Structures are given as structure tokens and as C-alpha cells.
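This report concerns only the one structure given below.
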Amino acid sequence: MSPVVQSRGKKITAADNLYTVILAVAFLVVLATAVFVAYQCYTQYDTIFKIQ
Amino acid sequence: MSTLTKVLIVLLTLASIFLCGIVVTYVANADNYKQKYDKLFDGYQSAKENEDNATTRLNNTIEEKNRDTEKLKEQIASLEGQIDKLKGDLANAERERDDANRKVNNWAAIVMDFSKTIENNEKLVKDALTERDLKEAALIKMDKELKDTTAALMENMAIVKQLQDESKRLLEEKTELQNKLDLYLRQYGKAIAEPMPVTPEQEVVTLAPPPKDIDLSGSITEVDMKSLLAEISIGEADGVREGMRFHLTRGDTFICDVVILDVWPEKAVGWLDLLQEEQPQVQPQVNDRVSTNL
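So the sequence lines, in the order shown, correspond to chains A and B. First residue of the first sequence: 1, per our numbering; consecutive thereafter. First residue of the second sequence: 1001, per our numbering; consecutive thereafter.
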């Protein structure tokens, strides 16, 4: 996970694991949002998808 | 990994974070419609129950009002009947009041007349009592004179008796002397001359005509024992005069005398004399007989 030290004279770039972490963060954010929305639906309507 | 992929990853991540932030913000601030629905539904149910209760109460109130209306109609009819009856009673009471007022006026007039009559009667009684006192004084005086006269008469009677005895004795002596004188004179053929009375003969006395009875009779029409006054049914037209004395009898019983005080053409009023107050059964009453002669 540590950044890869490129050879001298080349442009420094981030490792691929960094983008994996960014994707994981995005996934967690989406997942947390989905959980929060589900929790709100359940607490307010006693169900997640069913329409009474 | 290509640069495009990296850029897309970064953009995807930013977009995800942005959209997720929007969603979270929206969901967090969204209204709780179920809660609102439940609240509104509970309000609807309670309102419906209130409506039912209000309808029930309204119906009960209407029924009660109808019953009260019927009762009030009956009471109104009953009260109208009572009003009619009370009007009739009021009219009767007013008539009775008018009659009573007329009677009161009549009685007031009668009482005033009676007061005047009582005043007159009191005056007459006073005069009669005064006259009675005078007559009682005269009667006492005459009684005293009668006693004196009776005493004098008794003395004179005794003297007359004594004189009669003496006259009888003298008459006997005279008869004896006449007999002796007759015997003496007969020897000489003489007789005694008729004696002449010494006292002159008395003249013949003419008797006065006997008193004539007035013979008035009537009946008692009114008696007032308090003032000892009585009214008789005959008056001046029948020959009644003030001062006349009538004898009041019932059957064969003598009650008292009525001395006339005041005379009208058809009636007369007098005060009761010689009344025997110790015997209530022989008190004068209406329709008792009065007459001047027993």
C-alpha cells in the first residue's frame, strides 16, 4: 500500500490501492446511506419496502 | 490502471458522497407521513365518535324536547282551564265583593240610624228616669201623707167609736127617760111630742158619674230590655196619649206596666214599669197583650 517510488525523472503517481480505498470509501458511504434510509423507513413506516 | 479509470473512480466517489449526502439530508428532514396519518386517523376516529355521541345526544335532546313540548302543551291546556276557572271565580268574587260593599253601606246606614235611635232612646230614658225620680219623690211624699192621714183616720175612728158608744149610751138613757116620761105623762092623758133633730138635715149629695173605661188594647211589637223600653202596636190614631199606663199581660199572667213616653200615629213607645226582674220567665216578649184595663 505504500506509494511506489518511481524512477528518477518520472512523475510521481499514487498506487492503485489508493483508488481501491477511494472506491471502498464510496461503497461504505453508499452502504451507510442505504442503511440509514432503511433504518428511517423501518422506524417511520415499520417496513422497508412494503407499502401499507 | 489508466488515468481515465482513476479519474472516473474519483468522480464516482465524489458523486456518491454528494448524492449520499443529499439523500441523507432529505431522508433526515423528510416528514413522518405515517405518524401524521395515524394522528389524523385518530383525530378522524375521535371526531367520528364525537359525531356519533353528538348525534345520539341530539336525538335524545330532540326526544326529550318533544316530550317536554307535549308536557308543556298539556300544562298549557290545564293552565288555560285553570285560568278560565279563576276568571269565573274572580267574577264571582267581584260580585260578592260588590254585594258585600252594598251590605256594608246598608249596615253603616242602619248603624247610623240605630245610633240616632239609641241617642233618642237614651234621651227618652234619661227624661223618663228623671220623671220617675220626680214621681217617686211625689209618691214618697204622698205615701207619707197617706200614713199621716191613716193615722189621723185611725184616731178619728177611735174617737168616732168612742162617740158612738157614748151616743148609744145616751140613746139608751134617752129611751129609758122617754119611757119614764111616757109613763108619767100617760097618767095625765098626754103624749110626747115628735122630737126635732138638733142638727139640721143634710142636703142630698149628688153622686159623681162613674169613671168610664178607655179600653184600649194592642200588642207588643218590639222590646229592648237593656233600656227597658217597649213598642206597642197602637198609636195616636187609636187614642193613645203620652203618660198613659198600659198593663202588659200574657194569658192570665201580669208581666208589668208600660208607661207611654212617645206617641206616633200608628205606634207608641213606653218604658217598662213594675217589672219583676227576679223572674226571667215573666219578662215581656213580642206579641204580649197590652191594655189599659185588666
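A virtual CB, placed ideally from N, CA and C, is assigned to each residue, including glycine. Bear in mind the structure is a predicted one, so any value in this text is a computation, not a measurement.
**Study point:** Residue-chain proximity (Thr1069 (chain B), chain A), Cβ-Cβ < 8 Å
**Key:** Residue mapping note: residue 1069 (chain B) aligns to position 69 of the second sequence, counting from 1. With 8 Å as the cut-off, Thr1069 (chain B) does not count as an interface residue toward chain A.
Review point. Does the region 1098-1107 of chain B come within contact of the region 1253-1260 of chain B, defined as at least 3 CB pairs closer than 8 Å?
Key: no
Review point. Does Ile22 (chain A) have its Cβ less than 8 Å from a Cβ in chain B?
Key: As a working note, residue 22 (chain A) is residue 22 in the first sequence. At least one chain B Cβ lies under 8 Å of Ile22 (chain A).
Review point. In chain B, which residues lie less than 9 Å from Val35 (chain A) when you measure between Cβ atoms?
Key: If you number the first sequence from 1, residue 35 (chain A) lands on position 35. Simply none; closest approach about 11 Å.
Practice item. Verify the CB distance criterion: does Tyr45 (chain A) have a CB-CB separation below 8 Å to chain B? Key: Within the first sequence, the letter at position 45 stands for residue 45 (chain A). Interface residue, yes.
Check your understanding: What three-state label does DSSP hand Glu1242 (chain B) in the structure shown?
Key -> Here residue 1242 (chain B) corresponds to residue number 242 of the second sequence, with the count starting at 1. Coil.
Point to revise | Within chain B, the residues that Tyr42 (chain A) reaches when beta carbons sit closer than 8 Å | key: If you number the first sequence from 1, residue 42 (chain A) lands on position 42. Within chain B, no residue comes near Tyr42 (chain A); the closest Cβ sits about 11 Å away, beyond 8 Å.
Review point. What residues from chain A crowd round Lys1006 (chain B), counting only those whose CB sits closer than 7 Å?
Key: Mapped onto the second sequence, residue 1006 (chain B) falls at position 6. Taking a Cβ-Cβ cut-off of 7 Å, the neighbours of Lys1006 (chain B) in chain A comprise Tyr19, given in sequence order.
Exercise for review: For Asp1288 (chain B), count neighbouring Cβ atoms within 10 angstroms of its own Cβ and tell me buried if that reaches 16, exposed if not.
Suggested key: As a first step, residue 1288 (chain B) must be located in the second sequence, where it is residue number 288. Buried, by the Cβ-count rule.
Point to revise | Secondary structure of Thr47 (chain A), DSSP reduced to three states | key: Locating residue 47 (chain A) in the first sequence gives position 47, counting from the first residue. Three-state result, Thr47 (chain A): coil.
Check your understanding: Name the chain A residues that come within less than 7 Å of Ile1009 (chain B), Cβ to Cβ?
Key -> Position 9 of the second sequence, counted from the start, is the residue given in the question as residue 1009 (chain B). Near Ile1009 (chain B) (Cβ distances below 7 Å), the residues of chain A are Tyr19, Ile22, Leu23.
Review point. How far does the beta strand (DSSP E) with Leu1058 (chain B) in it reach, from first residue to last?
Key: Walking along the second sequence from the start, residue 1058 (chain B) turns up at place 58. Leu1058 (chain B) -> not in any beta strand (DSSP E); alpha helix (DSSP H) instead, spanning 1033-1186.
**Study point:** Interface partners of Thr1055 (chain B) on chain A, CB under 7 Å
**Key:** Counted from its first residue, the second sequence places residue 1055 (chain B) at position 55. Chain A residues near Thr1055 (chain B): none, gap ~31 Å exceeds 7 Å.
Check your understanding: From the beta carbon of Pro3 (chain A), is the nearest beta carbon of chain B less than 8 Å away?
Key -> Along the first sequence, one-based indexing puts residue 3 (chain A) at 3. Confidence at Pro3 (chain A) is low in this model, with a pLDDT of 46, below 50, so its placement is unreliable and the value that follows should be read with caution. No, because no Cβ of chain B sits closer than 8 Å to the Cβ of Pro3 (chain A).
Point to revise | Partners in chain A for Lys1034 (chain B), counting only beta-carbon separations shorter than 9 Å | key: Indexing the second sequence from 1 puts residue 1034 (chain B) at position 34. Those are Gln44, Tyr45, Asp46, Gln52, listed as they occur along chain A.
Check your understanding: So, is the C-beta of Thr1013 (chain B) closer than 8 Å to a C-beta in chain A?
Key -> Counted from its first residue, the second sequence places residue 1013 (chain B) at position 13. For Thr1013 (chain B), the nearest CB of chain A lies under 8 Å from its own CB, placing it at the interface with that chain.
Review point. Leu1185 (chain B) to Lys1174 (chain B), Cα distance in whole Å?
Key: Working through the second sequence from its first residue, we reach residue 1185 (chain B) at position 185. Working through the second sequence from its first residue, we reach residue 1174 (chain B) at position 174. For Leu1185 (chain B) and Lys1174 (chain B), the distance between alpha carbons rounds to 16 Å.
Exercise for review: State the DSSP-derived secondary structure class of Thr1249 (chain B), mapped to helix, strand or coil.
Suggested key: Locating residue 1249 (chain B) in the second sequence gives position 249, counting from the first residue. Strand at Thr1249 (chain B).
Check your understanding: What three-state label does DSSP hand Ser1016 (chain B) in the structure shown?
Key -> As a first step, residue 1016 (chain B) is located in the second sequence; it is residue number 16 there, counting from the start. Ser1016 (chain B) falls in the helix class under three-state DSSP.
**Study point:** Span separating the alpha-carbon of Val1269 (chain B) from that of Lys1161 (chain B)
**Key:** Residue mapping note: residue 1269 (chain B) aligns to position 269 of the second sequence, counting from 1. Residue mapping note: residue 1161 (chain B) aligns to position 161 of the second sequence, counting from 1. Answer to the nearest angstrom: the Cα atoms are 51 Å apart.
Review point. Can you tell which of B:Val1023, B:Val1024, B:Lys1006 has the C-alpha that lies nearest to the C-alpha of Asn17 (chain A)?
Key: In the first sequence, the residue the question calls residue 17 (chain A) occupies position 17. Among B:Val1023, B:Val1024, B:Lys1006, the Cα nearest to that of Asn17 (chain A) is on B:Lys1006.
Check your understanding: With distances taken between CB atoms, is the gap from Leu1272 (chain B) to Glu1242 (chain B) smaller than 8 Å?
Key -> For the purposes of this step, residue 1272 (chain B) is taken as residue 272 along the second sequence, with counting starting at 1. For the purposes of this step, residue 1242 (chain B) is taken as residue 242 along the second sequence, with counting starting at 1. No. Outside cutoff.
Check your understanding: Using 8 Å as the threshold, is the region 1024-1032 of chain B in touch with the region 1060-1075 of chain B, meaning 3 or more CB pairs across them?
Key -> Between the region 1024-1032 of chain B and the region 1060-1075 of chain B there are fewer than three C-beta pairs closer than 8 Å, too few to call the two in contact.
Review point. Considering only the beta carbon of each residue, do Val1258 (chain B) and Glu1236 (chain B) sit closer than 8 Å?
Key: Here residue 1258 (chain B) refers to the residue found at position 258 of the second sequence. Here residue 1236 (chain B) refers to the residue found at position 236 of the second sequence. Contact check for Val1258 (chain B) against Glu1236 (chain B) fails: the beta carbons are separated by 8 Å or more.
Check your understanding: First and last residue of the beta strand (DSSP E) that includes Glu1231 (chain B)?
Key -> In the second sequence, the residue the question calls residue 1231 (chain B) occupies position 231. Segment 1229-1232, the beta strand (DSSP E) holding Glu1231 (chain B).
Exercise for review: With distances taken Cα to Cα, identify the nearest neighbour of Ser1227 (chain B) among B:Ala1128, B:Asp1143, B:Leu1183.
Suggested key: One-based indexing of the second sequence puts residue 1227 (chain B) at position 227. Nearest of B:Ala1128, B:Asp1143, B:Leu1183 to Ser1227 (chain B), Cα basis: B:Ala1128.
Practice item. Identify whether Val1286 (chain B) lies in helix, strand or coil by the three-state DSSP scheme. Key: On the second sequence, residue 1286 (chain B) is found 286 positions in, with the first residue counted as 1. The answer is coil: DSSP assigns Val1286 (chain B) none of H, G, I, E or B.
**Study point:** Proximity test, Cβ basis, 8 Å: Ser1016 (chain B) and chain A
**Key:** For the purposes of this step, residue 1016 (chain B) is identified with residue 16 of the second sequence, where counting begins at 1. Yes, because at least one Cβ of chain A sits closer than 8 Å to the Cβ of Ser1016 (chain B).
**Study point:** Nearest-angstrom Cα separation, counted from Leu1153 (chain B) out to Asn1179 (chain B)
**Key:** One-based indexing of the second sequence puts residue 1179 (chain B) at position 179. One-based indexing of the second sequence puts residue 1153 (chain B) at position 153. Rounded to whole angstroms, Asn1179 (chain B) to Leu1153 (chain B) spans 37 Å at the Cα level.
Exercise for review: In angstroms with no decimal places, state the Cα-to-Cα distance between Val1286 (chain B) and Glu1222 (chain B).
Suggested key: For the purposes of this step, residue 1286 (chain B) is taken as residue 286 along the second sequence, with counting starting at 1. For the purposes of this step, residue 1222 (chain B) is taken as residue 222 along the second sequence, with counting starting at 1. The straight-line gap from Cα to Cα measures roughly 6 Å.
Practice item. State the Cα-Cα distance for the pair Glu1070 (chain B) and Tyr1037 (chain B), rounded to the nearest angstrom. Key: Counting from one through the second sequence, the residue named residue 1070 (chain B) turns up at place 70. Counting from one through the second sequence, the residue named residue 1037 (chain B) turns up at place 37. Going from the Cα of Glu1070 (chain B) to the Cα of Tyr1037 (chain B) covers about 48 Å.
Practice item. Give the range of the beta strand (DSSP E) segment to which Ala1268 (chain B) is assigned. Key: To locate residue 1268 (chain B), count along the second sequence from 1; it is residue 268. That run of the beta strand (DSSP E) goes 1268-1273.
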